[in-house]
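Beneath this line is the structure, given in structure tokens, with notes to follow.
Number of protein chains: 2
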Amino acid sequence: MTKINDETLRTFVGYHLKRSFNVIQSDLIETLRPFDLRMLTYSALVLIVDNPGLNQSRLSQIMDIERPNLVVIIDELEERELITRERVPTDRRSYALHPTEAGRALYRETLDAVTQHEAKLLSGIAPEQLEQMIATLKLIETAKKGQA
Amino acid sequence: MTKINDETLRTFVGYHLKRSFNVIQSDLIETLRPFDLRMLTYSALVLIVDNPGLNQSRLSQIMDIERPNLVVIIDELEERELITRERVPTDRRSYALHPTEAGRALYRETLDAVTQHEAKLLSGIAPEQLEQMIATLKLIETAKKGQA
DNA sequence: TAATATTGTTATGCATAATAACATAAATCA
DNA sequence: TGATTTATGTTATTATGCATAACAATATTA
Numbered sequence: 576m577t578k579i580n581d582e583t584l585r586t587f588v589g590y591h592l593k594r595s596f597n598v599i600q601s602d603l604i605e606t607l608r609p610f611d612l613r614m615l616t617y618s619a620l621v622l623i624v625d626n627p628g629l630n631q632s633r634l635s636q637i638m639d640i641e642r643p644n645l646v647v648i649i650d651e652l653e654e655r656e657l658i659t660r661e662r663v664p665t666d667r668r669s670y671a672l673h674p675t676e677a678g679r680a681l682y683r684e685t686l687d688a689v690t691q692h693e694a695k696l697l698s699g700i701a702p703e704q705l706e707q708m709i710a711t712l713k714l715i716e717t718a719k720k721g722q723a
Numbered sequence: 576m577t578k579i580n581d582e583t584l585r586t587f588v589g590y591h592l593k594r595s596f597n598v599i600q601s602d603l604i605e606t607l608r609p610f611d612l613r614m615l616t617y618s619a620l621v622l623i624v625d626n627p628g629l630n631q632s633r634l635s636q637i638m639d640i641e642r643p644n645l646v647v648i649i650d651e652l653e654e655r656e657l658i659t660r661e662r663v664p665t666d667r668r669s670y671a672l673h674p675t676e677a678g679r680a681l682y683r684e685t686l687d688a689v690t691q692h693e694a695k696l697l698s699g700i701a702p703e704q705l706e707q708m709i710a711t712l713k714l715i716e717t718a719k720k721g722q723a
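Chain order of the listed sequences is A and B. If you read the first sequence in the working numbering, its first letter stands for residue 576, the second for the next number, and so on. If you read the second sequence in the working numbering, its first letter stands for residue 576, the second for the next number, and so on.
Have a look at this one:
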């Protein structure tokens, strides 16, 4: 039962990010399981409800995934009749994505559940401390273009 | 070119964690590419150099992965003669993992490269702000057991 | 009109991650 | 002691996440 030394990896911000994200991700996966949603299908549903009519290209951009990978996600949401694909008259290449009433209902249910689970998980941390962290995370998020 | 609204997802800490981690991960993957290392093989190498003699069970625990998934990682490091597997006389089930001289050399090279790349990526952020964030990330990392 | 770009799609591959089942060896316990 | 249980490493399998190439249909542009 010897203690393992990970001090070298601890010098990397990315190591801390990964480990803490793992904790939140595990909790989120469990939270979404009763709704039969994965992280990506959940994110897509939320974005479609909040941005009705958007197309798959824009959605894949905001979700930071490649278009081919979004196809199966949209297939699944459509199959479950949570969203619809509608031809756009002005651009017949693309589909406008809209939530169904069932999709909006699931959105409301899951939003509640996810919000409460995350709040519970992080209840031991001061809100202002979390806000401060989010501000820093936003800086990292935009670091790519801002650099080099 | 309409702006997409992700304010709902922005209410989740996990969303910010994921997006910022993606940025660091992309940078790390590129940094490790010249050394023909992936994130997991790199992490394993570092931990073996810093904890010579540990076995695969302990390593998989600290790396937060399942033992079966570690096998191929160790196979690859051994194949490349960066580490060795040595039978432990006192427990002939397990292998003691040790770095070779080549493993230690690669460790030093990559540590320099990774450190410099991350420093460059995050150069626009105040060090004390990063330290504060890491403190919060550590709280999240240990939130699981501390809860419910 | 011809060349180019965009949208959605299929196919494919690699990396990450989880589970079941197993052989070998050690530890426990009755 | 012998029988049972546990631990270690392994194989096989599966699901998921993520990237690229290639393509048909459509739109844009030069």
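We treat Cβ as the ideally placed atom computed from N, Cα and C, and that holds for glycine. Only a predicted model underlies this, so the values are computations on that prediction, with no experimental measurement involved.
Host alpha helix (DSSP H) of residue i (start-end)
i: P643 of chain B; result: 642-654
i: A710 of chain B; result: 702-716
Residue i - DSSP class collapsed to helix/strand/coil
i: A694 of chain B; result: helix
i: D639 of chain A; result: coil
i: D581 of chain A; result: coil
i: D611 of chain A; result: coil
i: A723 of chain B; result: Residue confidence is low: A723 of chain B scores 41 on pLDDT, short of 50, so the model does not pin down where it sits. Its coordinate-derived value is still stated next. Here A723 of chain B sits in coil by DSSP.
i: L629 of chain B; result: coil
i: T587 of chain B; result: Note on identity: in this sequence residue 587 of chain B is Phe, with Thr being the wrong assignment. Coil.
i: G699 of chain B; result: coil
i: K593 of chain B; result: helix
Contact belief for residue i with residue j at Cβ below 8 Å, rounded distance in angstroms
i: F587 of chain A; j: L592 of chain B; result: That belief does not hold up - the Cβ atoms of F587 of chain A and L592 of chain B are roughly 15 Å apart, past 8 Å.
i: E693 of chain A; j: G589 of chain B; result: 7 Å
i: D625 of chain A; j: T685 of chain B; result: About 42 Å separates the two Cβ atoms, so there is no contact after all.
i: L645 of chain B; j: L634 of chain B; result: 6 Å
i: L672 of chain B; j: L615 of chain B; result: Contact flag wrong, Cβ pair sits at about 14 Å.
i: L697 of chain A; j: I709 of chain B; result: With 8 Å as the limit, L697 of chain A and I709 of chain B do not qualify as a contact, their Cβ atoms being about 16 Å apart.
i: E654 of chain A; j: R660 of chain A; result: Contact flag wrong, Cβ pair sits at about 11 Å.
i: L705 of chain A; j: D581 of chain B; result: Wrong, their Cβ atoms sit about 18 Å apart, outside the cutoff.
Residue i - partner residues in DSSP beta bridges
i: D687 of chain B; result: Note: D687 of chain B sits in no beta bridge, so no partner.
i: E661 of chain B; result: B:A671
i: D666 of chain A; result: A:V663
Residue burial classification, residue i (beta-carbon count within 10 angstroms, cutoff 16)
i: V689 of chain B; result: buried
i: P674 of chain A; result: buried
i: D602 of chain A; result: buried
i: T717 of chain B; result: exposed
i: R608 of chain A; result: exposed
i: V647 of chain A; result: exposed
i: S632 of chain A; result: exposed
i: G678 of chain A; result: buried
i: R594 of chain B; result: buried
i: A680 of chain B; result: exposed
i: T606 of chain B; result: buried
i: V663 of chain A; result: exposed
i: T711 of chain A; result: buried
i: A619 of chain B; result: buried
i: I604 of chain B; result: exposed
i: I579 of chain B; result: exposed
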